[in-house]
Amino acid sequence: MTPMPLIFAAICDIAGKVRGKAFPADQLDRRLKRGLGWTPTNVQITCFDRIAETPFGALGDLLLIPDPEAAADVTFADGRREHFIMSDITTLEGAPWDFCMRSLLKSALGRLHAVAGVHLICAFEHEFQIRSQSPTPNLAYSREGFELQRALCETLMAALKSAGLEPDSIMKEYGPNQYEVVVAPAKGVRAADEAVILRELTRSAARNLGMAATFTPIRDPASVGNGVHIHMSFVDDSGNPVTYDENGPCGMSAITDAFAAGVLKYLPSIVALTAPSVISYERLTPHRWSAAYNNLGFRDREASLRVCPVTAKDPLSIARQFNIEYRAADAAASPYLALAAVVHAGAQGIEDGLKAPAPTEEDLSLLSPEALRARGYVRLPETLEAALDAFAAEPVTRGWFPETFAAVYRAHKMAEIAHLADMDTLTRCAAYENTY
Ligand code: GLU
Ligand code: MG
């Protein structure tokens with residue numbers, strides 16, 4: 022008997038977990054059309070395997086429809102094969118389901134195109150830590166730190182390439198056992214597919230080498246966090262870059278400026294979706310190069326939205342490389358949902374003709390709340406509860422999603438909060454490290 026090759030139809034849900042079902046590979050054609058059965062209440066399974074309050078109960082049926090454009094089929098050096106396909110969740114009638122994160126992103130991207138005639142080009146930059154080994158000290162950004170994990174880095178980059186991603190670079194980051202991996206940008210929903218694929222393959226590559234990797238937002242508040250930085254630029258229908266204007270503020274074109282303004286305006290009410298764990302708010306504090314205020318930075322890593330430097334020299338390459346980076350995200354978030362929230366906020370900014378504030382250069386933690394407000398800035402929510410309240414309190418943000426979304430999302434996150442209620446911060450960090 023030889024093992025039967027199976028393909029896993031995968032989604033990345035509210036919990037940011039990749040779940041789904043496997044089917045025999047020789048059924049692929051049929052499954053692309055007819056899908057696999059799925060249960061509505063699954064969306065309320067938290068990252069700790071508890072089922073939150075659910076409006077669906079035991080009722081209802083859905084379909085997972087794999088997207089052949091979003092497949093990862095990787096064989097590691099020891100012969101172990103992993104084959105999964107990112108899928109949409111539809112009703113039995115074939116309509117996008119209200120809680121399909123991938124469909125929510127498609128709808129946000131559709132809105133961006135409708136309001137501005139542009140497509141999003143995007144790359145998720147990820148930090149992760151190896152948690153199965155005690156860290157060797159004094160290796161920040163070092164060659165030695167890289168060499169210690171060269172086997173993992175080379176395995177991971179090969180896996181990414183064979184899954185159709187374009188590896189850019191990988192390095193030993195600042196934190197203990199922390200690494201950062203970067204891939205080339207991709208268009209629209211593909212960028213979020215790639216973020217899911219990258220996280221899964223990183224954990225798989227580590228596992229296949231007898232190690233464990235974690236993307237948890239933070240392992241210890243006394244040390245650094247693991248950020249997910251979302252780099253964004255825009256092209257028009259002909260593929261021409263429209264992000265840059267040499268005479269625009271910080272080099273931003275009018276579209277980029279308005280998009281940035283929308284993201285900054287709605288940041289306090291979307292951070293519950295982009296940094297959605299209890300410990301995410303241990304990371305979103307000043308002086309960690311993460312994001313603590315809704316501020317714009319010009320090449321400044323203390324900003325939640327950063328205008329990135331370009332290394333290109335000729336005008337067309339500058340225009341293509343120029344991008345803005347959303348830094349208030351982490352890997353507890355489904356990349357689909359995080360990106361949907363950011364794109365809606367940007368599209369809202371374009372729709373409302375907003376103008377981005379001037380970039381900050383000083384230490385905002387030294388300013389009083391009044392002084393901050395006078396400049397148009399606020400401290401971002403400092404707990405998940407406060408972030409959920411900010412989402413609930415902003416009708417514009419809530420209105421970007423299906424009618425019951427905000428209530429279902431809140432119920433999901435309240436169950437996650439309840440699971441951690443009696444734990445101290447380090448125990449909470451340990452719990453998240455076991456799930457992301
Ligand atoms: N580790 C930081 C974060 O939590 C980012 C550091 C960097 O700028 O690469 O976002
Ligand atoms: Mg980094």
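Under my numbering, the residues of the sequence shown are numbered 22 to 457, in order.
Virtual Cβ for every residue (Gly too), placed ideally from N, Cα, C.
{"Asked": "Check your reading: residues with Cβ closer than 5 Å to the ligand GLU heavy atoms", "Found": "V245, G246, G248, W310, S311 and R322"}
{"Asked": "E146: CB within 8 Å of a non-hydrogen atom of the ligand MG", "Found": "yes"}
{"Asked": "D430 versus A451 - alpha carbon distance", "Found": "In the sequence under discussion, the amino acid at residue 430 is Tyr, which differs from the Asp named in the question. Whole-angstrom Cα-Cα distance: 23 Å."}
{"Asked": "Spatial neighbours of V263 in its chain, beta-carbon cut-off 7 Å, leaving aside the 5 residues before and after", "Found": "V139, F255, V256, D257, S274 and I276"}
{"Asked": "L113 classed as buried or exposed, judged by whether at least 16 other C-beta atoms fall within 10 angstroms", "Found": "exposed"}
{"Asked": "Those residues which DSSP pairs with Y314 across a bridge", "Found": "R400"}
{"Asked": "9 Å Cβ cutoff met for E454 and R71", "Found": "no"}
{"Asked": "Residue environment, H308, which counts as buried when at least 16 other CB atoms sit within 10 Å", "Found": "exposed"}
{"Asked": "Of the listed residues G231, E391, G185 and N198, nearest to L219 (C-alpha basis)", "Found": "G185"}
{"Asked": "For C33, the three-state DSSP class (helix, strand or coil)", "Found": "strand"}
{"Asked": "According to DSSP, residues forming a beta bridge with V202", "Found": "H147 and I191"}
{"Asked": "At least three beta-carbon pairs within less than 8 Å, the region 435-449 to the region 79-97", "Found": "no"}
{"Asked": "Rounded separation between D326 and N316 - CA only", "Found": "The residue asked about is misnamed: residue 326 is Leu in this sequence, not Asp. Cα to Cα, L326 sits roughly 6 Å from N316."}
{"Asked": "Exposure label - Q48; buried when at least 16 CB within 10 Å", "Found": "exposed"}
{"Asked": "Closest by C-alpha distance to D282, when choosing among P242, T237, D373 and T60", "Found": "It is worth fixing the name first, because residue 282 is Ala in this sequence and not Asp. The shortest Cα separation from A282 among P242, T237, D373 and T60 belongs to D373."}
{"Asked": "Assumed close pair F412, S290 - CB separation to whole angstroms, cut-off 8 Å", "Found": "5 Å"}
{"Asked": "Helix, strand or coil at A98 [DSSP, three-state]", "Found": "coil"}
{"Asked": "Validate contact between the region 318-336 and the region 207-224 using beta carbons, cut 8 Å, 3 pairs", "Found": "no"}
{"Asked": "Cβ-heavy atom distance, H308 to the ligand MG, below 8 Å", "Found": "no"}
{"Asked": "Between the CA atoms of N268 and A340 - distance to the nearest angstrom", "Found": "12 Å"}
{"Asked": "Y347 - DSSP class collapsed to helix/strand/coil", "Found": "strand"}
{"Asked": "The ligand MG heavy atom lying under 8 Å from the CB of H252", "Found": "no"}
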